[in-house]
Every structure is written in C-alpha cells, then in structure tokens.
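Heads up: the sequence shown begins at 2 in the working numbering, then just goes up one per residue.
Only one structure is covered here, and it is reproduced in the block below.
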Amino acid sequence: MVMDVVDVKRIAHLSRILIEEEDIPLLLSRFNQTLSVLNKISEVNVDGVEPMTSVLPMKMVLRPDIVCDGGKVDSILSNAPHVENNFFLVPKIVE
2 MVMDVVDVKR IAHLSRILIE EEDIPLLLSR FNQTLSVLNK ISEVNVDGVE
52 PMTSVLPMKM VLRPDIVCDG GKVDSILSNA PHVENNFFLV PKIVE
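Rendered as structure tokens:
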C-alpha cells in the first residue's frame, strides 16, 4: 500500500491536526517508509509460532473475582459535603 496526498490530508482531518501544505511531502514520505516496514513485517512466516503476551515467560496469577466495597467507604465519604445512605448526595440539575 502506498499513500498519496489525499490520504495524508484525510488522516490529518480525522486526527484534527492542522498540517501546512509544505509539510505534506515530508509526512507522505515518512508514512510510506513506515508502511514499507510494516509490509516487510507482514511477510514474515509465523506458522507454528505460539501467540505470546510477553517476551518473558510469565504465568498469570488468578484471584477469585469477589465484589467488595474495598473497606474504605467511610474514608471516601468523609470527603463529600453531603452523604445519604452511603452515597454522595448531589444537587439535582436535570428536571
């Protein structure tokens, strides 16, 4: 895949980035260099290679998924100006 000026302008628009016209050729060159490297990487044969999450062998430590209040309800609510039934009480702003 090779990018052109229209692609660079579209990416800039979607990213909400203002790019000066004189900067477009440099960006176009850099985008195309990056895409060239990515195309080379995509040519690598990875058949038989196991997917991995880290370069180091690590075992996931699992813990039980237990819902709790964290034991800090009182200290958290102590910062609120108004509390009711262990909830922050805020003024109604929508009718």
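For every residue, glycine included, the Cβ atom is placed at its ideal position computed from N, Cα and C.
Residue environment analysis places VAL9 among the buried positions, since at least 16 neighbouring C-beta atoms fall within 10 angstroms of its C-beta.
Per DSSP, reduced to three states, the secondary structure at GLU85 is strand. When DSSP states are grouped into helix, strand and coil, PRO26 belongs to the helix group.
In the three-state scheme derived from DSSP, where H, G and I count as helix and E and B as strand, LEU19 is classed as coil.
Taking the CA atoms as reference points, GLU44 sits about 15 angstroms from THR35.
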